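In our numbering, the protein residues as written are 90 to 474.
For each residue, glycine too, the CB sits at the ideal point set by N, CA and C.
These numbers were taken from a predicted model, which means no experiment stands behind them.
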């Protein structure tokens, strides 16, 4: 299954694919005693429970001048949670659960100023404090070992995943400044926004890849970073009434550039990542809609570009995992067939985009490619007003 090829600065061999593709021992799917035991183990170790009670209170004050509006508020977020995690011994799952309780309370203030300038220009500045609670699996999932199945990275033959009962919610101080300009009688707008987030206890997956007994293992555990910063600029434009060659079009687009860094621990050493989890450098989206009165419908095309991003931080930078950059084109056509009935035809991933799992200090190596193909959909829309 593995070749003798070791990429530069890489300690394990790459998966070997011969000209006939990856050969799989289908006989291993038979329900032998070993497979039955594995199935029971996987079922019990995935059977965690999680209960979360959230209580919020909010106060908001508004003060308006002729051209300026002030909004100040505070929300108090109180969370009580209980998790029940399955237990095991010597890779044998038991029927018992380990119960853990937790609680945290956070005041979340916010302050906004909106000033209306002449020439249909608005300037908006805001500060807010926010939290991001961990997902239930981040806390309650027990350590689970799985071998002989494909993991997300496409590298390891065995994966070890576990939750972290000591995980804290991420907390962020958010600063935003936006300038909006309206035109075309309110049908069009251009906007530029600067944002900056100072994040404490950001959540990331720490991955570790190693060899044991001739097998490649990949372990993954959610952890809290010591500190993170994310900043960027977003530009957007919209016009819902463009007249061209006797036709009417809608046009919208937005582009975002982001830069961030994170300080985290690999268990023994503090490291720095020049990206946050799930943070690409560039995001671009665009859409154009051609309105066709003759069929009481429209034709729309959308395009999206998402730069590559991290999904897991390794114990070394060479073990970082992520998703490659993606460009996707979609199209849709809809028309009215009766007074309150319309048909819609949609093609997703018209560009037949492939999705790559990548790895490395700069996510420069592709180790797995997913061919999802195109999706064709037909909708019947009932519109009663």
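State the Cα-Cα distance for the pair residue 320 and residue 348, rounded to the nearest angstrom. 5 Å
Is the beta carbon of residue 401 sitting closer than 8 Å to the one on residue 409? yes
For a test of the three-state rule: what should DSSP assign to residue 404, helix, strand or coil? coil
Run through the DSSP bridge pairs and tell me what residue 222 is partnered with. Answer by DSSP bridge pairing: none, since residue 222 is not bridged.
I'd like the span of the beta strand (DSSP E) that includes residue 384, first residue to last. Per DSSP, residue 384 belongs to no beta strand (DSSP E) and is neither H nor E.
Label residue 398 either buried or exposed according to how many other C-beta atoms from any shown protein chain fall within 10 Å of its C-beta, with 16 as the threshold for buried. buried
Under 8 Å Cβ to Cβ from residue 430, same chain only, skipping five residues before and after it: list those, please. 469, 470, 471 and 472
Could you name the residues that DSSP lists as bridge partners for residue 155? Answer is none; residue 155 lacks a bridge partner.
Find out if the Cβ-Cβ distance for the pair residue 213, residue 267 is shorter than 8 Å. yes
Pull up the DSSP beta-bridge partners for residue 278, would you. 271 and 327
Among residues of its own chain, excluding the 5 on either side of residue 222, which ones have a beta-carbon nearer than 6 Å to its beta-carbon? 258
Give the range of the beta strand (DSSP E) segment to which residue 364 is assigned. From DSSP, residue 364 is part of no beta strand (DSSP E); its letter is neither H nor E.
Stretch-stretch touch, CB-based, cutoff 8 Å, three pairs: the stretch 298-306 with the stretch 278-287: no
Pairing CB atoms from the stretch 366-384 with CB atoms from the stretch 331-340, are three or more of them under 8 Å? yes
Which residues does DSSP list as the beta-bridge partners of residue 390? 377 and 420
Candidates 422, 366 and 343, of which the one nearest residue 390 by Cα: 422
Could you name the residues of the same chain whose beta carbon sits closer than 6 Å to that of residue 455, not counting the 5 residues immediately before and after it, in chain order? 445 and 447
Range of the contiguous beta strand (DSSP E) that encloses residue 441: Careful: residue 441 lies outside any beta strand (DSSP E) and carries neither H nor E.
So what's residue 164 in DSSP terms, helix, strand or just coil? strand
Is residue 184 close to chain B, meaning its C-beta is less than 8 Å from at least one C-beta of that chain? The chain labelled as chain B is not found in the depicted structure, where only one protein chain is given.
Can you tell me whether DSSP reads residue 209 as helix, strand or coil? coil
Hey, how far is the Cα of residue 467 from the Cα of residue 420? 12 Å
Note down the Cα distance separating residue 202 from residue 453, rounded to an integer number of angstroms. 43 Å
If you run the structure through DSSP and keep just helix, strand and coil, what is residue 320? strand
For residue 458, which residues in the same chain have their Cβ closer than 8 Å to its Cβ, ignoring the five residues on either side in sequence? 443, 444, 445 and 446
Which residue from 450, 317 and 373 puts its Cα closest to that of residue 417? 373
Considering only their Cβ atoms, is the gap separating residue 175 from residue 137 smaller than 8 Å? yes
CB of residue 248 within 8 Å of CB of residue 230, strictly: no
DSSP-derived helix/strand/coil call for residue 235: strand
I think residue 168 touches residue 141, with their Cβ atoms under 8 Å apart; what is that distance to the nearest whole Å? 6 Å
Residue 191: which of 254, 153 and 217 sits nearest, CA to CA? 254
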